[in-house]
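To start, the structure under review is shown below, and the notes come after it.
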Amino acid sequence: MANSASPEQGQNHCSAVNSSSPLAQGGLPTLTLSGKIRVTVTFFLFLLSTTFNASFLLKLQKWTQRKEKGKKLSRMKVLLKHLTLANLLETLIVMPLDGMWNITVQWYAGEPLCKVLSYLKLFSMYAPAFMMVVIGLDRSLAITRPLAVKSNSRLGRFMIGLAWLLSSIFAGPQLYIFRVIHLADSSGQTEGFSQCVTHCSFPQWWHQAFYNFFTFSCLFIIPLLLMLICNAKIILTLTRVLQQDPHNVQLNQSRNNIPRARVRTLKMTVAFATSFIVCWTPYYVLGIWYWFDPEMVNRVSDPVNHFFFLFAFLNPCFDPLIYGYFSL
1424 MANSASPEQG QNHCSAVNSS SPLAQGGLPT LTLSGKIRVT VTFFLFLLST
1474 TFNASFLLKL QKWTQRKEKG KKLSRMKVLL KHLTLANLLE TLIVMPLDGM
1524 WNITVQWYAG EPLCKVLSYL KLFSMYAPAF MMVVIGLDRS LAITRPLAVK
1574 SNSRLGRFMI GLAWLLSSIF AGPQLYIFRV IHLADSSGQT EGFSQCVTHC
1624 SFPQWWHQAF YNFFTFSCLF IIPLLLMLIC NAKIILTLTR VLQQDPHNVQ
1674 LNQSRNNIPR ARVRTLKMTV AFATSFIVCW TPYYVLGIWY WFDPEMVNRV
1724 SDPVNHFFFL FAFLNPCFDP LIYGYFSL
């Protein structure tokens, strides 16, 4: 999924270097007007997301310095710190890579960087998705099992560490399947056009379909389902408590009531999940369509592809704004 709507789109199959390649059709790919607009917007969102997320990290650092010696950040702020780090990683890797790749059209950085950057690209997309799941699980446990969460301070650190670990492991195949190929024209002569692709890395077509579906599931479907389950539990528990006593939303942990501050963090968690779903759904729907029907590239215009890809880039920009709104 990390490769859809990118310069390598349409080059993933073994037929990419035969008569169906761009060279065989009369020329090399070029940077179109819609591509130039995409590059411009990509770098604008890059500056926006970097500024927002870096500013929030600096704000967290100031909070840490203001704390009394030996006192740590709250559980939620630690979770937000790692979500922001994941968003910043995605911003610093995916956006500049996409922008520069659309400018150059082909791949000039050699095979080692082709593999490493493809790995880092997918890793930096896994991390925010998994961190969103961690926040949802933590907030769900905080409201359904508050005493257990309070007595087990290692649980949050374990889930955060697991999210980073799984991100690094699941992105591992990128180091194997990506390689640099040199395209040839219909006469068999190379034109010096190289590309970083997954060309012929899978013995059978269904191997690639399975890998793509696994990636799609881990990046979107599974996080989406877990977030929906966690948010449903949060809403049901909150509704049940408020129905018992509408004035019960006060700071009184011993009576299993819900603090106002926690209600605010629960609303913020739902807002994070909503932003993730709204921003990424069009991009992933387009990507899964392409995996099973590569000819869709000829039926969906480039501006539409670019729009959905750029719309997904809004997610790391929105997260710091969401936190700022609920912190007012």
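Using this note's numbering, the letters of the sequence shown correspond one by one to residues 1424 to 1751. For glycine and all other residues, C-beta sits at the position ideal for the given N, C-alpha and C.
Item                                                                                                                                                : Value
Look at the alpha carbon of I1745 and the alpha carbon of P1726, and state the distance between them as a whole number of angstroms.                : 28 Å
Within the chosen definition, does the region 1555 to 1569 reach the region 1709 to 1725 through at least 3 CB pairs nearer than 8 Å?               : no
Quick check: the Cα distance between Y1706 and V1517, rounded to an integer number of angstroms?                                                    : 14 Å
Which residue wins for smallest C-alpha separation from R1602, given the options S1590, F1466 and C1619?                                            : C1619
Among K1504, P1452 and K1544, which residue has its Cα nearest to the Cα of G1595?                                                                  : K1544
Taking DSSP's pairing of strands, which residues face S1605 in a bridge?                                                                            : Here the sequence assigns His to residue 1605, which means Ser is not the residue at that position. S1617, per the DSSP bridge assignment.
Between the C-alpha atoms of V1693 and L1642, what's the straight-line distance to the nearest angstrom?                                            : 18 Å
Within the chosen definition, does the region 1510 to 1528 reach the region 1572 to 1588 through at least 3 CB pairs nearer than 8 Å?               : no
Taking the C-alpha atoms as reference points, what is the distance between L1560 and L1454?                                                         : 43 Å
What does the alpha-carbon distance come out to for the pair F1757 and L1502?                                                                       : A query on residue 1757 cannot be resolved here, the shown segment of the chain reaching from 1424 to 1751 and no further.
Using 8 Å as the threshold, is the C-beta distance between Y1542 and L1585 below it?                                                                : no
My guess is that A1550 and S1590 are in contact by the Cβ rule of under 8 Å, so how many angstroms apart are they, rounded?                         : 4 Å
Assign S1698 to one of three DSSP states: helix, strand, or coil.                                                                                   : helix
Given that a residue counts as buried once 16 or more other Cβ atoms are within 10 Å of its Cβ, and exposed if not, what is F1637?                  : exposed
State the start and end residues of the unbroken alpha helix (DSSP H) segment that holds R1568.                                                     : Run containing R1568: none; DSSP gives neither H nor E here.
Quick one: what does DSSP say D1716 is sitting in, helix, strand or coil?                                                                           : coil
Please report the straight-line C-alpha distance between L1470 and A1655, rounded to a whole angstrom.                                              : 35 Å
What residues in its chain sit with their C-beta under 8 Å from that of C1537, if we drop five residues either side in the sequence?                : W1530, F1601, R1602, V1603 and C1619
Taking only runs that begin and end inside the region 1508 to 1579, name each unbroken alpha helix (DSSP H) of 4 or more residues, in chain order.  : 1533 to 1567 and 1569 to 1574
In angstroms with no decimal places, state the Cα-to-Cα distance between S1640 and N1510.                                                           : 20 Å
Using the Cα positions of N1721 and I1645, report the straight-line distance between them to the nearest angstrom.                                  : 30 Å
Just curious, the alpha helix (DSSP H) that C1623 is in, first and last residue?                                                                    : Note, C1623: premise wrong, no alpha helix (DSSP H); not H, not E.
Which class does S1590 belong to by DSSP, given the choice of helix, strand or coil?                                                                : helix
Would you call I1592 buried or exposed, if buried means 16 or more other Cβ atoms sit within 10 Å of its Cβ?                                        : exposed
What's the C-alpha gap between F1736 and P1569?                                                                                                     : 35 Å
Skipping 5 residues on each side, what residues in its chain have a beta carbon closer than 6 Å to that of L1480?                                   : T1507
Since L1588 and S1547 should fall inside the 8 Å C-beta cutoff, what is the C-beta to C-beta distance between them, to a whole number of angstroms? : Contact flag wrong, Cβ pair sits at about 15 Å.
Taking only the alpha-carbon atoms, compute the straight-line gap between V1462 and P1717 and give it to the nearest angstrom.                      : 24 Å
Please report the straight-line C-alpha distance between A1532 and T1474, rounded to a whole angstrom.                                              : 28 Å
Between the C-alpha atoms of K1690 and G1458, what's the straight-line distance to the nearest angstrom?                                            : 38 Å
For N1476 and H1505, what's the separation of their Cα atoms in angstroms?                                                                          : 11 Å
Hey, out of V1686, M1650, L1648 and S1617, whose CA is closest to T1662's CA?                                                                       : V1686
Looking at the secondary structure, which residues open and close the alpha helix (DSSP H) in which V1723 lies?                                     : From DSSP, V1723 is part of no alpha helix (DSSP H); its letter is neither H nor E.
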